[in-house]
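Novice:
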Amino acid sequence: QVFWASLVLGIRPAIYLYRHARAVLERESSEDYVRTAEAKGLAWNDVVRHHLVRAGGSALVATWTNSFRLMIGSLPLVEYFFGYPGLGRILVQSIGIHYGVRPVVFRGDLAIGLVVILALILILVETAAGGLQRWLDPRLRTLRSAA
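Quick note on this note's numbering: the sequence shown kicks off at 8 and runs consecutively.
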């Protein structure tokens, strides 16, 4: 049960991340500084580590953050349909959606609290991703110090 729920929850963000990572790395590998590093005779591993990943890393982190947002947004429905007991299922049930013929009870305080918890998780992830982007891409550090 957990396998299928995690597969449904993760397959779309994983495909999104893969497609964007491929496009970013193809774009970065055609840049002048990568060709210059290759022309200098640097090993391909060094070119990837010092040039491709550093420059494309911030875009990859942004793509991962978008994938995480997509996954958190899908979490309540996936947990509800698979019957997995988690925050998403509790959130859907607190809105008043239940299985079967049980009476529908709207619990606004619980729904608001769960939305705030999910929003705080997203804020923490966004903050960490922003710091990681500035650490990875030296161009973002120079833009930040110039502003």
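Built from N, CA and C at the ideal position, the CB exists for glycine as well.
Please read these numbers as outputs of a predicted model, since none were measured by experiment.
1) Using only CA atoms, which one of S65, L59 and W71 lies nearest to L24?
2) Report buried or exposed for G80, applying the criterion of at least 16 other Cβ atoms within 10 angstroms of its Cβ.
3) Taking DSSP as the reference, what is the three-state secondary structure of F88?
4) Report the option in F89, G48 and V60 whose CA atom is closest to the CA atom of F10.
5) Indicate the three-state DSSP secondary structure (helix, strand or coil) for V108 in the structure shown.
6) Leaving aside the five residues before and after S36 along the sequence, list all residues of the same chain whose C-beta is less than 7 Å from its C-beta, in chain order.
Specialist: Let me spell this out:
1) Working through the sequence shown from its first residue, we reach residue 24 at position 17. Nearest of S65, L59 and W71 to L24, Cα basis: W71.
2) As a position in the sequence shown, residue 80 is number 73, starting the count at 1. Its Cβ having fewer than 16 others within 10 Å, G80 is exposed.
3) Translated into the one-based positions of the sequence shown, residue 88 becomes position 81. Helix, per DSSP.
4) The residue labelled residue 10 in the question sits at position 3 within the sequence shown. When each option's Cα is compared against that of F10, the closest is F89.
5) Here residue 108 refers to the residue found at position 101 of the sequence shown. It is coil, neither helix nor strand.
6) Locating residue 36 in the sequence shown gives position 29, where the first residue counts as 1. Excluding positions up to five away in sequence, the list reads L59.
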